[in-house]
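Structure, as structure tokens:
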Amino acid sequence: MIYKSIAERLRIRLNSADFTLNSLLPGEKKLAEEFAVSRMTIRKAIDLLVAWGLVVRRHGSGTYLVRKDVLHQTASLTGLVEVLKRQGKTVTSQVLIFEIMPAPPAIASQLRIQINEQIYFSRRVRFVEGKPLMLEDSYMPVKLFRNLSLQHLEGSKFEYIEQECGILIGGNYESLTLVLADRLLARQMKVAEHTPLLRITSLSYSESGEFLNYSVMFRNASEYQVEYHLRRLHPEKS
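Dropping the structure here:
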């Protein structure tokens, strides 16, 4: 149903750097115009966001973001291929789709570009030691990467961006949610249907503030481990 699709697109946006906790969401009228649907459809989409615990409605004030999906921000950023190669593992990629397309509203919003501006869309499976680890859908602005090729996507995007394009990656915003593999995901990841997968959205930006790449990735939860080192911050004593 369309309201579910809109809710998912709004969820992506709410988990991006555009919104912080207690941010006010755009009004129903504005969202209805953006998605070209009725206000009732927008209301049902927001009902889902409320049910997911991401937003709350405050009478007479509006709808506010009160929770994001699990957010993992680290002090240093290293590409998947870089990490695995350091561990002595063999990493390969199979590119399933590579094309230029007009940016839909949700993707344009993430990359901070105009709607219908040209972007690269790619879908690839990353293999480690011959076993599928990740399925990735990726969106990159054509204006920043005029010579992006299939060969680049079969390797490391980080290496291409920094070494060939000369763009220094400043950082990455990531959010993680747990989903169950549908039939298509199960086939592409070579797992059984309903296998738990990590759905990771990733937004990379340059040191100069340009948004370089937006990706939606699915990783086998049993094959992927995240370790955190958290430090408690104490208020300074006067």
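Under the working numbering, the first residue of the sequence shown is numbered 3, with each subsequent residue one higher.
For every residue, glycine included, the Cβ atom is placed at its ideal position computed from N, Cα and C.
Here the structure is a predicted model, which is why all the values come from computation and not from measurement.
| Item | Value |
| --- | --- |
| Under the three-state DSSP convention, the category Arg221 falls into | strand |
| Three-state secondary structure (DSSP) of Glu35 | helix |
| Cβ-Cβ separation, Val127 to Leu1 (assumed contact under 8 Å), whole Å | Lying before the first or after the last residue shown, residue 1 is absent from the chain, which here runs from 3 to 240. |
| CA nearest to the CA of Gly64, picked from Lys32, Phe147, Leu182 | Lys32 |
| Sub-8 Å separation of Met42 and Met136 beta-carbons | no |
| Leu79 (DSSP reduced to helix, strand or coil) | Bear in mind that a pLDDT of 49 at Leu79, under 50, signals an unreliable position, so the number given afterwards is only what the model happens to contain. In the structure shown, Leu79 sits in coil (DSSP, three-state: anything other than H, G, I, E or B). |
| Rounded Cβ spacing between Ser50 and Ala9 (contact assumed at less than 8 Å) | Contrary to the premise, residue 50 reads as Leu rather than Ser in this sequence. The pair is a contact, with the Cβ atoms about 4 Å apart (cut-off 8 Å). |
| Other residues of its chain near Ile171: CB distance less than 8 Å, five sequence neighbours each side excluded | Leu79, Phe160, Ile163, Glu164, Ser206, Tyr207, Ser208, Glu209, Leu214 |
| Boundaries (first-last residue) of the alpha helix (DSSP H) holding Met191 | 185-191 |
| Met42 in three-state terms, based on DSSP | helix |
| Minimum Cβ-Cβ distance from Pro104 to chain B less than 8 Å | Although the question refers to chain B, the structure presented lacks it and comprises just one protein chain. |
| Classification of Thr76 by the beta-carbon crowding that lies within 10 angstroms, buried from 16 upward | Residue confidence for Thr76 is low, a pLDDT of 46 falling below 50, so the modelled location carries little weight and cannot support an answer. |
| Heavy atom of the ligand COA within 7 Å of Gly132 beta-carbon | Among the components modelled here there is no ligand, and therefore nothing to report on the ligand COA. |
| Reference Ser217, options Ser95, Cys167, His154, Tyr175, closest by Cα | Tyr175 |
| Boundaries of the beta strand (DSSP E) in which Arg60 is found, first to last residue | 57-60 |
| Nearest neighbour of Glu212, chosen from Tyr122, Ala223, Ile115 [CA to CA] | Ile115 |
| For Lys6, the first and last residue of its enclosing alpha helix (DSSP H) | 4-16 |
| Neighbourhood of Arg201 by C-beta distance below 8 Å, restricted to the same chain and skipping five residues each side | Leu178, Thr179, Leu180, Val181, Val218, Met219, Phe220 |
| Pairwise C-alpha distance: Ser124 and Leu152 | 9 Å |
| Every unbroken alpha helix (DSSP H) within the stretch 127-157, with a cutoff of 4 residues, ordered by chain | 152-155 |
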